[in-house]
Amino acid sequence: MNEKGALKSARDLSLGGIGIALSKTVLFSGLGIDADLTAFKQNRLDLTLFGESSTTVLVGFDSSWKEKIRKQTEEKGLKFYPIGKTTSFGVLKLKDIGVEISFSELNGPYEKGLEAVFAL
1 MNEKGALKSA RDLSLGGIGI ALSKTVLFSG LGIDADLTAF KQNRLDLTLF
51 GESSTTVLVG FDSSWKEKIR KQTEEKGLKF YPIGKTTSFG VLKLKDIGVE
101 ISFSELNGPY EKGLEAVFAL
């Protein structure tokens, strides 16, 4: 599927679900993301954001490849859910949930998470 560099990134949802995958994408790329998780909606918000799945992959790609990637995915019998786009603002926005988190708000807890738990 990654013809001519169409795919820019891929992250499975096996550790922390889509919430963690999107957060790590913002942290590691420095980009922002505008997303709508309606396609992933569960009966509880925590399941929507953090429900883990080893068979689901968050893929980043150039928008010009969207229809070709959709076609290839569906030809393989897989589901394709475009959820948003990257931005240059360093902010994770989950429109349907009303969440907006900046890079710095994500980075502090990520970098110092264990220090806070163990009071180091």
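Residue 1 is where the sequence shown starts when you use UniProt numbering, and the numbers rise one by one after that.
Ideal Cβ placement from N, Cα and C applies to all residues, glycine included.
Keep in mind the model is a prediction, meaning the values are calculated, not measured.
Where the alpha helix (DSSP H) containing residue 70 begins and where it ends: Counting from one through the sequence shown, the residue named residue 70 turns up at place 70. From DSSP, the alpha helix (DSSP H) with residue 70 extends over 66 to 75.
Within the UniProt domain "PurM-like C-terminal" (4 to 90), ranges of the alpha helix (DSSP H) (whole runs, at least 4 residues): 17 to 29, 45 to 50 and 66 to 75
N-terminal and C-terminal residue of the alpha helix (DSSP H) that residue 98 is part of: Residue mapping note: residue 98 aligns to position 98 of the sequence shown, counting from 1. Taken as a continuous stretch (DSSP letters only), residue 98 belongs to no alpha helix (DSSP H), as it is neither H nor E.
Element boundaries [alpha helix (DSSP H), containing residue 116]: Along the sequence shown, one-based indexing puts residue 116 at 116. Counting along the chain, the alpha helix (DSSP H) containing residue 116 begins and ends at 103 to 118.
The segment 74 to 85 / the segment 7 to 16 touching (three or more Cβ pairs under 8 Å): no
Through-space distance from residue 119 to residue 132, alpha-carbon basis: Only positions 1 to 120 of the chain appear in the structure, and residue 132 is not among them; the question remains open.
Residue 35 versus residue 43 - alpha carbon distance: As a working note, residue 35 is residue 35 in the sequence shown. As a working note, residue 43 is residue 43 in the sequence shown. The alpha-carbon atoms of residue 35 and residue 43 are separated by roughly 19 Å.
Separation of residue 115 from residue 96, as counted between CA atoms: Looking up residue 96 in the sequence shown gives position 96. Looking up residue 115 in the sequence shown gives position 115. Distance between the alpha carbons of residue 96 and residue 115: 32 Å.
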